[in-house]
Structure formats: C-alpha cells, structure tokens
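Reminder that position 13 of the sequence shown reads as 13 in the numbering used here, one-by-one numbering, no gaps.
Accompanying notes for the structure given below.
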Amino acid sequence: MKKAEDMKRKALPKFFYKECAVVGNRYFSISNGKTEFKGGVVLVKERPRRALIDIYPHKNLNLLAHLVFDSESTARQQAFPYNSILPGTPRVILKFKVGGKYHYFAEDESYWFERIQPVALKRWYRRSP
Numbered sequence: 001m002k003k004a005e006d007m008k009r010k011a012l013p014k015f016f017y018k019e020c021a022v023v024g025n026r027y028f029s030i031s032n033g034k035t036e037f038k039g040g041v042v043l044v045k046e047r048p049r050r051a052l053i054d055i056y057p058h059k060n061l062n063l064l065a066h067l068v069f070d071s072e073s074t075a076r077q078q079a080f081p082y083n084s085i086l087p088g089t090p091r092v093i094l095k096f097k098v099g100g101k102y103h104y105f106a107e108d109e110s111y112w113f114e115r116i117q118p119v120a121l122k123r124w125y126r127r128s129p
C-alpha cells in the first residue's frame, strides 16, 4: 500500500481510471447512480470541507462519484459500499483526465479530484455484485 506522505512527493499520472455502471448506452457512478459520465464532458465538484473528507469518506456517495484510481487494475478491484445504487449492472473502466484540488486516500489507493473528465472507454465487462 502506498503511503499518503509518499504520494505527495510523487508526480501524478496523466490519466486516472474509474469503474462505472452501464445503463443502456450511458455510463454512471455505481455508488450514487446519478452522476453520468459523458465523453469529454468535465464534471466539477468543489472540494468538500476537510471534515467531510476525513470522517467516513466512503459513506458519502456524492464524494465517491469523483473517486478515481491511478491504474485500471486498481479501479477494477475497488470495493463498493453496501449502499451503492447500481451494484449489479454491467461495468466499464473509463479513462479520465483530472484537475484541481485533490485528496489521496491511502487505505484504498483512491484519489478525489475537483474536476474529472472521461476521455476513453478502456474495458467492458460484467461483474457480479
């Protein structure tokens, strides 16, 4: 597992990845089921107060919609909270450009960014909940 202190010194990758739900021909956040990812469209969410990030970050479904990972394999291995909205849908791995302020979560090697922009579909598959 990477340490948060080490990540501050490391240059961030150019692209990040996220596992998303497929509903029809549209891509959504698995956690909240509302955030839709459209190719090239930038999604912006202001960084929440520090307390909302540090205290139970993985229970905040809207915060989870902006979590991304620095590799496809890490994105695919993510665990979803019990209250995820779209747990049994087909899945894709989307490739993202990111920007703005960010926070690194060492416990699951995820990142939260203010701006995320899907730029490519990397992999399509079906996963059991």
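Quick reminder that beta carbons are idealized off the backbone N, C-alpha and C, glycines included.
Remember, predicted model here, so these are calculated numbers, not experimental data.
Spanning the alpha carbons of L86 and S31 requires a straight line of approximately 7 Å. As DSSP reads the structure, H66 sits in no beta bridge.
Assigned with DSSP and collapsed to three states, E72 falls in helix.
With 16 or more neighbouring CB atoms inside 10 Å of its own CB, L64 falls in the buried class. Annotation: R91 to F69 spans about 16 Å, alpha carbon to alpha carbon. Distance between G99 and K122, taken at the CA atoms: about 20 Å. The C-alpha of T35 is placed about 5 Å away from the C-alpha of S29. Taking each of E19, G40, C20, V22 in turn and checking the Cα distance to R115, the smallest one comes out for G40. With a 10 Å radius around the Cβ and a threshold of 16 neighbouring Cβ atoms, S73 comes out exposed.
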